[in-house]
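Below is one structure, written out as structure tokens; the observations come after it.
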Amino acid sequence: MSRAARKPQVRAVGRWRRHLLSGFVIAGAVVVGLRAFELQVLDRAFLENESAKRAIRHVEIPANRGAIVDRNGEPLAVSAPVESLWVVPADLLNAPEHLQAVARLLDRNSAALRRELEARRDRQFYWLARHLSPAEARRITALNAPGVATSREYRRFYPAGEIPAHIVGITNIDGKGLEGVEALDQKTLAGEPGKRRVIRARDGRVVETGIEVKPARPGQDVQLTIDLRLQYLAHRELKAAVQRHGAKSGMVVVVDARSGDILAMASSPGFNPNRRNAFDRSAMRNRAMTDLFEPGSTVKPLLVAHALDRGLVDSGTRYQTGDGWMQVGRLTVQDVHAYGEVDLTRLLKKSSNVGAAKLGLEMGAEAVFAAFDRFGFGKPLYMRFPGTASGRLSFWRSWDEVELATASYGYGLSTSALQLVRAYAALANDGQLPGLRLRTDEPPMPPERVVSAEAARQVRGMLRTVISHDGTAARAAVPGFSVAGKTGTMRKVGAGGYSADRHQGLFVGMLPAENPRLVGLVLIDEPTTGGFYGGVVAAPVFSRVMQGAAHWLQLSPRAPVAPGFTTAATTEEEPRS
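Below you can see the structure in the form of structure tokens.
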């Protein structure tokens with residue numbers, strides 16, 4: 164065949180191939196279009212439902228909350244992993260037989276559970292039960308109930324129960340601090356939750372685990388200055404004393420005189436943070452930090468120390484208390500007994516209100532105010548703790564003669580237990596007022612000199628006589644140790660003025676008296692049986708707590724006598740001052 168004859172045939176074959184290829188392309192486009200129409204129009208509802216069942220989600224990875232420990236590393240609050248149950252309400256409602264089984268395992272009424280879920284039918288997430296034990300969670304998940312799934316959480320546990328509860332505080336069910344150190348150090352303890360990307364079915368099952376987008380950052384531990392051994396002893400003895408004397412409440416504080424570390428701080432009534440639904444919220448108050456009271460006779464040593472330091476009196480100064488009463492304007496100042504002429508030691512030993520009033524009137528309002536002001540009354544403690552009270556000390560220019568006299572034996576001003584124990588720590592620390600701290604990582608505040616070392620030692624020597632066999636606090640004695648301290652018995656203020664039958668019994672002391680290491684305070688509020696004097700209701704608690712503290716801290720029974728330290732002696736019951 165010639166070349167000219169073959170050309171038309173080749174062109175015909177080429178056109179046929181192009182038409183065939185075009186046909187395939189058009190047919191494919193038609194098929195794709197029809198499929199798209201089917202998926203987007205005819206099967207739209209089905210696909211939307213499938214999409215809802217499986218979705219890429221970010222799941223939160225809970226962070227382990229940091230522990231709270233005592234100064235020796237003993238745990239006070241820890242977190243443990245638990246399982247919590249959640250549900251897609253509509254899915255479980257559509258499976259009545261599973262709903263009844265779930266209700267039975269949760270020990271709940273199935274009808275009530277149905278109503279609860281019906282009210283939340285449109286939700287995609289609802290907590291069914293929180294903080295289940297692993298065994299409980301396994302029994303429920305074994306049902307394979309539609310829409311029911313579990314999530315890992317952390318539950319807070321308090322190994323020491325109510326013993327340090329007022330200090331440690333408590334968290335809510337979501338792990339957020341509500342009270343105490345739990346609230347104060349929420350950011351430090353909480354850490355930061357992480358995130359993980361997963362494909363999760365509508366019923367909660369993870370179909371495919373993705374990558375960890377952000378790892379969880381655990382919370383940091385917090386170490387307190389509290390010694391759990393001393394805290395247990397203080398809690399036990401305080402609770403027993405409140406019950407024994409039918410008291411309304413009470414508190415105990417023990418501090419290291421040199422560092423200002425709070426070693427124990429107990430309040431009664433108490434609460435157990437492991438039983439969230441079984442305590443009165445009013446019992447959660449840390450009374451040692453929040454409650455204010457008039458300090459009564461416990462201010463007398465502070466007044467004497469200031470007067471000695473400023474040269475307003477000396478060791479030979481004496482006051483005539485006569486028959487045990489004196490008139491100051493409209494006020495009658497009284498002692499329990501007639502003590503006649505008293506020196507400063509006997510003034511403190513017998514807790515003479517008349518002697519203290521005469522000392523205060525002689526010093527003048529400005530000097531008495533300066534004494535209390537220098538020992539920290541009416542000033543903030545600068546402690547990072549919720550609700551710490553500062554007390555009240557009105558300015559001296561507003562005082563009349565009556566207010567000056569009453570202030571001299573501890574009325575008309577208010578203080579907290581921490582403020583008062585800190586003031587006595589200054590006497591124990593040779594005149595230097597320490598800062599108090601509750602966390603070991605807080606830098607200690609530099610001490611502030613408030614009186615001379617000589618004046619502080621002189622007063623400590625005087626306060627030893629209060630613990631003698633005829634002193635107001637003979638029951639505060641600690642076998643093998645010298646103790647210095649002061650009692651106070653205050654009438655409480657009521658609607659019509661000071662009550663005749665509502666009292667607070669108080670004792671503040673230190674040991675060893677020659678070179679004190681520990682300072683302790685005990686207050687029993689409104690005792691109704693077995694007496695109400697501080698030497699009767701508070702001093703014995705101090706004795707038992709300090710005896711245990713001295714043993715555990717291995718204190719030397721007899722410390723070297725400090726220069727200028729004296730041991731005078733020779734009392735009876737204490738006046739209501």
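Quick note: the sequence shown uses the working numbering, first residue 164, plus one each step.
Idealized CB from N, CA, C, for every residue including glycine.
Would you report the Cα separation of A451 and A676, rounded to the nearest angstrom?
Each residue's alpha carbon lies about 24 Å from the other.
Under 6 Å Cβ to Cβ from A725, same chain only, skipping five residues before and after it: list those, please.
Low per-residue confidence applies at A725: pLDDT is 47, beneath 50, and the placement is therefore not dependable enough to give any value.
Do L455 and F535 count as a contact pair if the criterion is CB distance below 8 Å?
no
Measuring alpha carbon to alpha carbon, tell me which of T691, L522, Q497 and L590 ends up nearest T480.
L522
Could you check whether I425 and P327 sit closer than 8 Å to each other, using their CB atoms as the reference points?
no
Let's test the definition: count the other Cβ atoms within 10 Å of the Cβ of N335 and tell me whether it reaches 16, buried, or not, exposed.
Under this definition N335 is an exposed residue.
Report, in whole angstroms, the separation of the C-beta atoms of N449 and G382, which I expect to be a contact under 8 Å.
No, N449 and G382 are not in contact; Cβ-Cβ is about 22 Å, not under 8 Å.
For the beta strand (DSSP E) containing F288, name the first residue and the last one.
F288 -> no beta strand (DSSP E), and no H or E assigned at all.
Should V127 and A588 be called a contact, given that it needs their Cβ atoms to be closer than 8 Å?
Here the chain covers residues 164 to 740 and nothing more, so residue 127 does not appear.
Between L511 and V462, how many whole angstroms is the CB-CB distance? I'm expecting something under 8 Å.
Actually they do not touch by this definition, with Cβ atoms about 11 Å apart.
Taking the alpha-carbon of L291 as reference, which of A312, P238, N435 and T635 has the nearest alpha-carbon?
A312
Go ahead and pull the three-state DSSP assignment for D688.
DSSP, reduced to helix, strand and coil, places D688 within a strand of the structure shown.
I'd like to check one pair, E345 with I333: are the Cβ atoms closer than 8 Å?
yes
Using a 10 Å radius around the Cβ and a threshold of 16 neighbouring Cβ atoms, would you call Y545 buried or exposed?
It is exposed - the Cβ of Y545 has fewer than 16 other Cβ atoms within 10 Å.
DSSP beta-bridge partners for A427?
V417
Could you tell me which whole beta strand (DSSP E) segments of length 3 or greater appear in the region 229–283?
Qualifying beta strand (DSSP E) stretches, in chain order: 238–250.
Let's test the definition: count the other Cβ atoms within 10 Å of the Cβ of G659 and tell me whether it reaches 16, buried, or not, exposed.
exposed
Just the C-alpha distance for A701 and R638, rounded to the nearest angstrom, thanks.
9 Å
Alpha carbon to alpha carbon, what distance is there between A647 and G711?
Roughly 17 Å separates the two Cα atoms.
Does the distance from the CB of V629 to the CB of S706 come in under 8 Å?
No, the Cβ-Cβ distance between V629 and S706 is not below 8 Å.
In the DSSP assignment, the alpha helix (DSSP H) including G459 goes from what residue to what residue?
Unbroken run through G459: none, as it is neither H nor E.
Excluding sequence positions up to five away, which residues of its chain have a Cβ less than 6 Å from the Cβ of A591?
A420, M673, P679 and V682
Quick check: V418 and V708, are their CB atoms within less than 8 Å of each other?
If you check the CB distance, V418 and V708 do not come in under 8 Å.
Would you call A543 buried or exposed, if buried means 16 or more other Cβ atoms sit within 10 Å of its Cβ?
In the sequence as presented, Ala is not what sits at residue 543; that position holds Pro. Exposed is the call here.
Would you give the residue range spanned by the alpha helix (DSSP H) that V700 belongs to?
DSSP places V700 inside the alpha helix (DSSP H), whose first and last residues are G697 to V700.
Would G354 and A323 be called neighbours here (beta carbons separated by less than 8 Å)?
Cβ distance not < 8 Å, so G354 and A323 don't count as in contact.
Restricting to Cα atoms, I'd like to know which of G575, F538, K377 and T603 is closest to R585.
Nearest option by C-alpha distance: F538.
Report the rounded CA-to-CA distance for G594 versus E246, giving the unit in angstroms.
56 Å
If distances are taken between C-alpha atoms only, which option among N440, Q263 and S645 comes closest to L718?
If we check each option's Cα against that of L718, S645 comes out closest.
Within this structure, are the beta carbons of L352 and D233 separated by less than 8 Å?
Going by C-beta atoms, L352 is not nearer than 8 Å to D233.
Given a cut-off of 8 Å on the beta-carbon distance, is the pair G697 and F670 in contact?
yes
Per DSSP, which one or two residues make a beta bridge with A520?
None; A520 has no bridge partner.
What's the C-alpha gap between V385 and I687?
31 Å
Taking just the CA atoms, how far does L268 sit from G541?
58 Å
Rounded to whole angstroms, what is the Cα-Cα separation between E617 and H469?
11 Å
Hey, how far is the Cα of D285 from the Cα of E279?
Cα to Cα, D285 sits roughly 12 Å from E279.
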